[in-house]
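Trainee: Before I ask anything, let me first share the structure, which is written out below as structure tokens.
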Amino acid sequence: MKAFLECVSCIIRQTIEILQRVERSEKRRQDILSAVIKKLAKVDIHQMTPPEATKFAHDVIQKMTGIKDLYKKPKLQNNREALALYPYLKSLVAKAADPLLMAIRLAIAGNIIDLGALAEFDVKQTVKDVIKQKFAVSDYQRFKRELKRAKLLLYIGDNVGEIVFDKVLIEELIKQVGVVFAVKSEPVLNDVLMADARMVGLDKVVKVIKSGSDHAGTTMARGTKEFKRLFKKADMVIAKGQGNYETLDTEKKNIYFLLKVKCPCLAQANGFSQGDIILENLR
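Numbering follows the working numbering, with no gaps: position 129 of the sequence shown is 143.
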């Protein structure tokens with residue numbers, strides 16, 4: 015999905031939010047924000063995906079602040095809070111009439127933990143809401159049929175905290191199929207890294223690999239050899255979150271997108287409404 019003009023305002027909002035946390039000097043904040051705006055003015059964002067456009071801003075911030083991981087502290091807190099919910103999430107799956115569907119719903123509920131898209135969120139309330147919410151798009155029956163025949167599923171992660179919810183789903187999936195989980199290779203927003211997978215114990219459940227991506231979402235051209243090989247080999251792919259939807263929507267692959275729609279542009283472009291929950295295969 016190509017970026018919209020409205021993406022610029024979202025990128026600037028993210029920039030201000032980051033600078034309020036990592037830079038004390040108001041003058042420095044203004045200088046960095048000005049540099050970001052100048053950088054965005056020089057590129058044609060309509061020729062790139064929203065995550066690719068956002069990377070221009072983050073590169074400027076990282077260079078001018080000297081901080082590589084701009085979300086380090088809140089990411090640790092998100093993981094801790096989500097881990098505290100793990101027993102509760104497991105109990106919901108255990109009690110469900112359809113444990114796999116419940117685990118999918120919970121994985122989508124976890125997608126609310128996105129510091130780039132939302133300033134505030136109530137995870138536990140979101141879980142309760144998503145359990146009851148009707149899917150705007152659901153390819154669940156197809157997903158179940160294909161899962162029975164599949165040998166390998168590549169699961170492309172999204173955010174920290176959310177990875178605990180992903181773990182709950184993966185623990186259901188591995189009853190039927192082999193799973194490999196992919197994380198970012200470099201710090202990007204609050205996207206999940208190898209250290210996060212280890213923190214929540216996911217590396218004890220399935221193999222975890224680096225995707226090679228250095229921006230939100232996944233661009234195959236930046237993929238590691240291992241990621242590209244497994245992407246090609248996998249019978250099914252789960253891609254979590256908006257960034258992956260925006261960057262993998264044109265791939266000719268059996269991808270199931272799991273997300274909660276937060277962006278009005280993504281919603282408008284695809285016939286969704288903000289707040290919709292999606293389990294969609296575009297192939």
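For each residue, glycine too, the CB sits at the ideal point set by N, CA and C. Bear in mind the structure is a predicted one, so any value in this text is a computation, not a measurement.
Between the alpha carbons of Gln34 and Asp217, how many angstroms are there, rounded?
Mentor: Sequence index remark: in the sequence shown, residue 34 carries index 20 (1-based). Sequence index remark: in the sequence shown, residue 217 carries index 203 (1-based). Put simply, the backbone Cα of Gln34 is about 34 Å away from that of Asp217.
Trainee: Going by Cα to Cα distance, which pick from Val220, Ala98, Lys148, Lys146 is closest to Gly171?
Mentor: Counted from its first residue, the sequence shown places residue 171 at position 157. Ranking Val220, Ala98, Lys148, Lys146 by Cα distance to Gly171 puts Val220 first.
Trainee: Taking the CB atoms as reference points, tell me whether Lys267 and Ile292 lie closer together than 9 Å.
Mentor: Here residue 267 corresponds to residue number 253 of the sequence shown, with the count starting at 1. Here residue 292 corresponds to residue number 278 of the sequence shown, with the count starting at 1. No, these two residues do not count as a Cβ contact at 9 Å.
Trainee: Since Ile269 is in the alpha helix (DSSP H), which residue starts that stretch and which ends it?
Mentor: Here the question's residue 269 lines up with position 255 in the sequence shown. It is not in any alpha helix (DSSP H) - Ile269 instead sits in the beta strand (DSSP E) that spans 269-274.
Trainee: Looking only at its own chain, which residues have a Cβ that is under 7 Å from the Cβ of Ile122, when we skip the five neighbours before and after it?
Mentor: For this step, residue 122 is matched to residue 108 along the sequence shown. Excluding residues within five positions, the ones whose Cβ falls inside 7 Å are Val144, Leu272, Leu273, Lys274, Ile291.
Trainee: Quick check on Glu40: buried or exposed, where buried means 16 or more other Cβ atoms within 10 Å of its Cβ?
Mentor: In the sequence shown, the residue the question calls residue 40 occupies position 26. Result: exposed.
Trainee: At the level of alpha carbons, what is the spacing between Ile51 and Lys254?
Mentor: Stepping through the sequence shown from its first residue, residue 51 is reached at position 37. Stepping through the sequence shown from its first residue, residue 254 is reached at position 240. So the alpha carbons of these two residues sit roughly 29 Å apart.
Trainee: State the start and end residues of the unbroken alpha helix (DSSP H) segment that holds Glu160.
Mentor: The sequence position of residue 160 within the sequence shown is 146, counting from 1. Start and end: 154-163.
Trainee: Starting from the N-terminal side, write out each stretch of the alpha helix (DSSP H) that is 4 residues or longer and does not extend beyond the stretch 220-273.
Mentor: Whole alpha helix (DSSP H) segments, 4+ residues: 239-247, 255-262.
Trainee: With a threshold of 16 other CB atoms inside 10 Å of the CB of Gly237, please say whether the residue is buried or exposed.
Mentor: Residue mapping note: residue 237 aligns to position 223 of the sequence shown, counting from 1. Taking a 10 Å sphere around the C-beta of Gly237, we find 16 or more other C-beta atoms and assign the residue as buried.
Trainee: Assuming Gln150 contacts Ile177 under a Cβ cut-off of 8 Å, what Cβ separation, rounded to an integer in Å, is found between them?
Mentor: Position 136 of the sequence shown, counting from 1, holds the residue named residue 150. Position 163 of the sequence shown, counting from 1, holds the residue named residue 177. Rather than Gln, the amino acid found at residue 150 in this sequence is Ala. Their Cβ separation, rounded to whole angstroms, is 24 Å, which puts Ala150 and Ile177 out of contact at 8 Å.
Trainee: Note down the Cα distance separating Val214 from Gly289, rounded to an integer number of angstroms.
Mentor: Within the sequence shown, the letter at position 200 stands for residue 214. Within the sequence shown, the letter at position 275 stands for residue 289. About 27 Å.
Trainee: Just to confirm, is the Cβ distance from Leu187 to Leu114 under 9 Å?
Mentor: Start at 1 with the first residue of the sequence shown, and residue 187 comes out as number 173. Start at 1 with the first residue of the sequence shown, and residue 114 comes out as number 100. Yes.
Trainee: Tell whether a beta-carbon distance below 9 Å holds between Thr29 and Ala71.
Mentor: Translated into positions along the sequence shown, residue 29 becomes position 15. Translated into positions along the sequence shown, residue 71 becomes position 57. Cβ atoms of Thr29 and Ala71: closer than 9 Å.
Trainee: For the beta strand (DSSP E) containing Ala110, list its first residue and its last residue.
Mentor: If you number the sequence shown from 1, residue 110 lands on position 96. Here Ala110 belongs to no beta strand (DSSP E), and DSSP marks it neither H nor E.
Trainee: Are the C-beta atoms of Gln91 and some chain D residue less than 9 Å apart?
Mentor: Of the chains in the structure shown, none is chain D; there is only one protein chain.
Trainee: Under 8 Å Cβ to Cβ from Asp228, same chain only, skipping five residues before and after it: list those, please.
Mentor: Position 214 of the sequence shown, counted from the start, is the residue given in the question as residue 228. Hits under 8 Å: Lys69, Lys198, Ser199, Glu200, Val202, Arg236.
Trainee: Identify the continuous beta strand (DSSP E) that holds Leu166 and give its terminal residues.
Mentor: Indexing the sequence shown from 1 puts residue 166 at position 152. Unbroken beta strand (DSSP E) run through Leu166: 166-170.
Trainee: Exposed or buried, Ala96, counting other C-beta atoms within 10 Å across all chains shown (16 or more means buried)?
Mentor: Along the sequence shown, read from residue 1 onward, the residue named residue 96 stands at position 82. Looking at its Cβ environment, which holds 16 or more other Cβ atoms inside 10 Å, Ala96 is buried.
Trainee: Please determine, among Ile25, Lys276, Ile32, the residue with the shortest C-alpha to C-alpha distance to Lys53.
Mentor: For the purposes of this step, residue 53 is taken as the residue at position 39 of the sequence shown. Ranking the options by Cα distance to Lys53, first place goes to Ile25.
Trainee: Should Gln231 and Thr79 be called a contact, given that it needs their Cβ atoms to be closer than 9 Å?
Mentor: On the sequence shown, position 217 is the one that residue 231 refers to. On the sequence shown, position 65 is the one that residue 79 refers to. According to the sequence shown, residue 231 is Gly rather than Gln. Between Gly231 and Thr79, the gap from beta carbon to beta carbon reaches 9 Å or more.
Trainee: How would you write the range of the alpha helix (DSSP H) that Leu183 sits in, first residue to last?
Mentor: Counted from its first residue, the sequence shown places residue 183 at position 169. Residues 176-187.
Trainee: Can the beta-carbon of Val316 be found less than 9 Å from the beta-carbon of Val194?
Mentor: Within the shown structure, residues of the chain are numbered from 15 to 297, placing residue 316 beyond reach of any answer.
Trainee: Relative to the alpha-carbon of Ser287, which residue among Lys148, Ala248, Arg38 has its alpha-carbon at the smallest distance?
Mentor: Within the sequence shown, the letter at position 273 stands for residue 287. Taking only the C-alpha atoms, the option nearest Ser287 is Lys148.
Trainee: Which residues in the same chain have their Cβ closer than 7 Å to the Cβ of Thr261, if we skip the five residues on either side of it in sequence?
Mentor: As a first step, residue 261 must be located in the sequence shown, where it is residue number 247. Here the set comprises Thr63, Pro65, Gly231, Thr232, Thr233.
Trainee: Give the secondary structure of Val74 by DSSP, where H, G and I count as helix, E and B as strand, and everything else as coil.
Mentor: Numbered from its first residue, the sequence shown carries residue 74 at position 60. In this structure, Val74 counts as helix in the three-state DSSP scheme.
Trainee: Alpha carbon to alpha carbon, how far is Asn204 from Gln91? Give it in angstroms, no decimals.
Mentor: Here residue 91 refers to the residue found at position 77 when the sequence shown is read from its first residue. Here residue 204 refers to the residue found at position 190 when the sequence shown is read from its first residue. C-alpha separation (whole angstroms): 11 Å.
Trainee: State yes or no: is the C-beta of Gly257 within less than 9 Å of the C-beta of Gly175?
Mentor: Within the sequence shown, numbered from 1, the residue matching residue 257 stands at position 243. Within the sequence shown, numbered from 1, the residue matching residue 175 stands at position 161. No, the pair does not count as a contact, with Cβ atoms beyond the cut-off.
Trainee: Please work out which residues of its chain come closer than 6 Å, Cβ to Cβ, to Tyr100, disregarding the five sequence neighbours upstream and downstream, and give them in chain order.
Mentor: Along the sequence shown, read from residue 1 onward, the residue named residue 100 stands at position 86. Cβ neighbours of Tyr100 beyond the five flanking positions: Val178.
Trainee: The beta strand (DSSP E) with Leu54 in it runs from where to where?
Mentor: Locating residue 54 in the sequence shown gives position 40, where the first residue counts as 1. Element bounds for Leu54: not the beta strand (DSSP E) but the alpha helix (DSSP H), 40-55.
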